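Participant:
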Amino acid sequence: MTEPHVDRGRVLVVDDEPQLLRALRINLRARGFEVTTADTGAAALTQVARTMPDVVVLDLGLPDIDGFEVLAGLRGWTEVPVIVLSARTDSSDKVQALDAGADDYVTKPFGMEEFVARLRAAIRRGTTVTAAETPVVEAGALSIDLAGKQVIRAGAPVRLTPTEWGILELLVRNEGRLVGQREILSAVWGPGYVQQTNYLRVYLASLRRKLEDDPAAPRHLITEPGMGYRFQR
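Going by the UniProt record's numbering, the first residue of the sequence shown is number 1, and it counts up by one from there.
Okay, structure coming up:
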């Protein structure tokens with residue numbers, strides 16, 4: 001009997017093989033999953049912050065950031081289940097991935113039915129994770145509620161525009177990590193705006209006026225000249 005087409009969860013597939021991305025997108029959507037894809041580590045970190053998937057399928061051999069670094073970046077702020085999908089068959093890679101926080105390890109090539117079963121199991125385990133996914137981040141006088149999409153400063157609510165919130169949320173969800181200018185522009189405005197670095201200067205200045213005790217010497221919204229920005233508590 002044909003399986004009913006129902007929503008089975010949000011999946012982010014991270015791999016730099018276009019054919020594999022296409023095959024997984026088609027097969028998983030046919031089975032009722034909502035699927036987004038990324039072909040670099042930087043794009044993966046951005047997509048997790050933006051879409052909050054129920055599970056991440058992560059290749060280790062990415063062109064920009066090693067998969068282990070992506071996994072470490074995710075585990076810095078989220079417990080989203082991660083299934084490593086890799087052509088590396090050495091047991092030491094599997095042990096390293098699991099020790100780094102992966103929930104499962106699948107080697108290429110793989111059978112689709114077994115892979116889908118592992119995917120469903122990871123999503124079920126992930127449903128036991130609660131507020132760790134969307135924490136309230138305390139930073140000095142700031143209280144940033146990622147689930148409620150609001151900021152309290154010194155006990156008073158701070159009014160942010162949707163664009164200001166988009167930038168702040170991306171930085172906070174990647175706490176401590178340098179987020180590149182192009183990455184922020186692409187995530188918040190769209191791929192067509194990756195050259196508009198003047199946008200970022202204007203909005204970061206506005207955010208600092210609203211959130212920092214001394215906007216001229218920011219404590220939380222840090223500029224890395226010529227590269228990007230990072231959030232620190």
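Backbone N, C-alpha and C define an ideal beta-carbon position, used for all residues, glycine too. Nothing here was measured: the structure is a model prediction, and the numbers come from that model.
Within 10 angstroms of the Cβ of threonine 53, are there 16 or more other Cβ atoms? Answer buried if so, exposed if not.
Facilitator: For this step, residue 53 is matched to residue 53 along the sequence shown. Before going further, note that residue 53 is proline rather than threonine in the sequence given. Buried.
Participant: State the start and end residues of the unbroken beta strand (DSSP E) segment that holds proline 157.
Facilitator: Residue numbering aside, residue 157 sits at position 157 when the sequence shown is read from its first letter. 156–158 is the extent of the beta strand (DSSP E) around proline 157.
Participant: Considering aspartate 99, what are the terminal residues of the alpha helix (DSSP H) in which it resides?
Facilitator: Position 99 of the sequence shown holds residue 99. Its alpha helix (DSSP H) spans residues 91–99.
Participant: Could you name the residues that DSSP lists as bridge partners for glycine 228?
Facilitator: As a position in the sequence shown, residue 228 is number 228, starting the count at 1. DSSP output for glycine 228 lists Gly180 and Glu224 as bridge partner(s).
Participant: Enumerate in chain order the residues of its own chain whose CB-to-CB distance from alanine 97 is below 6 Å, with the five nearest sequence positions on each side excluded.
Facilitator: Counting from one through the sequence shown, the residue named residue 97 turns up at place 97. For alanine 97, where only same-chain residues beyond five positions count, the Cβ hits under 6 Å are Val84 and Tyr105.
Participant: Tell me which residues share the same chain as residue 294 and place their Cβ nearer than 6 Å to its Cβ, disregarding the 5 neighbours each side in the sequence.
Facilitator: With the chain represented from 1 up to 233, any question about residue 294 goes unanswered, as that position is not in the structure.
Participant: When you compare each of Gln150, Arg120, Leu74 and Thr163 to glycine 32 by their alpha carbons, which one comes out closest?
Facilitator: Numbered from 1 along the sequence shown, position 32 holds the residue referred to as residue 32. Of Gln150, Arg120, Leu74 and Thr163, the residue nearest in Cα terms is Arg120.
Participant: Using DSSP's beta-bridge definition, name the partner residues of serine 186.
Facilitator: On the sequence shown, residue 186 is found 186 positions in, with the first residue counted as 1. Its beta-bridge partners do not exist; DSSP assigns none.
Participant: Counting only runs of 3+ residues fully inside the UniProt domain "Response regulatory" (10–123), write out the beta strand (DSSP E) ranges in chain order.
Facilitator: 10–14, 34–38, 55–58, 82–86 and 104–107, all fully within the UniProt domain "Response regulatory" (10–123).
Participant: With respect to 7 Å, is the separation between the Cβ of arginine 22 and the closest non-hydrogen atom of the ligand FMN below this value?
Facilitator: Among the ligands in the structure shown, none appear at all, so the ligand FMN cannot be discussed.
Participant: What number of angstroms, rounded off, separates the C-alpha of glycine 67 from the C-alpha of glycine 155?
Facilitator: Position 67 of the sequence shown, counting from 1, holds the residue named residue 67. Position 155 of the sequence shown, counting from 1, holds the residue named residue 155. Going from the Cα of glycine 67 to the Cα of glycine 155 covers about 40 Å.
Participant: Among Thr46, Gly41, Leu45 and Arg22, which has the Cα closest to the Cα of residue 251?
Facilitator: Nothing can be reported for residue 251, as the shown portion of the chain is limited to 1 through 233.
Participant: Anyone know if the C-beta pair for valine 116 and aspartate 59 falls short of 8 Å?
Facilitator: Start at 1 with the first residue of the sequence shown, and residue 116 comes out as number 116. Start at 1 with the first residue of the sequence shown, and residue 59 comes out as number 59. Taking 8 Å as the Cβ cut-off, valine 116 and aspartate 59 do not qualify as a contacting pair.
Participant: I think leucine 57 touches valine 11, with their Cβ atoms under 8 Å apart; what is that distance to the nearest whole Å?
Facilitator: For the purposes of this step, residue 57 is taken as the residue at position 57 of the sequence shown. For the purposes of this step, residue 11 is taken as the residue at position 11 of the sequence shown. Per the sequence presented here, residue 57 reads as valine, with leucine not at that position. The pair is a contact, with the Cβ atoms about 6 Å apart (cut-off 8 Å).
Participant: Between which two residues does the beta strand (DSSP E) holding arginine 153 run?
Facilitator: On the sequence shown, position 153 is the one that residue 153 refers to. Looking at the DSSP string, the run of the beta strand (DSSP E) that includes arginine 153 is 150–153.
Participant: So, do the region 175–186 and the region 157–165 have three or more beta carbon pairs nearer to each other than 8 Å?
Facilitator: No, because fewer than three Cβ pairs between the region 175–186 and the region 157–165 fall closer than 8 Å, the two stretches do not touch.
Participant: Which class does glutamate 138 belong to by DSSP, given the choice of helix, strand or coil?
Facilitator: Here residue 138 corresponds to residue number 138 of the sequence shown, with the count starting at 1. Looking at glutamate 138 - three-state DSSP - the assignment turns out to be strand.
Participant: Give every residue of the same chain whose Cβ lies closer than 6 Å to the Cβ of histidine 5, excluding the five residues on either side of it in the sequence, and list them in chain order.
Facilitator: Working through the sequence shown from its first residue, we reach residue 5 at position 5. Its pLDDT being 42, under 50, histidine 5 is placed unreliably by the model, and nothing is read from it.
Participant: Run the CB neighbour count on proline 81, radius 10 Å, all protein chains shown included, and call it buried at 16 or more, exposed below.
Facilitator: The sequence position of residue 81 within the sequence shown is 81, counting from 1. Result: buried.
Participant: By a C-beta neighbour count over all protein chains shown, 10 Å radius and 16 as the cutoff for buried, is arginine 118 buried or exposed?
Facilitator: Sequence index remark: in the sequence shown, residue 118 carries index 118 (1-based). Arginine 118 should be labelled buried.
Participant: Here's the rule: buried if 16 or more other CB atoms are within 10 angstroms of the residue's CB, otherwise exposed. What is glutamine 181?
Facilitator: Here residue 181 corresponds to residue number 181 of the sequence shown, with the count starting at 1. When all chains shown are included, glutamine 181 counts as buried.
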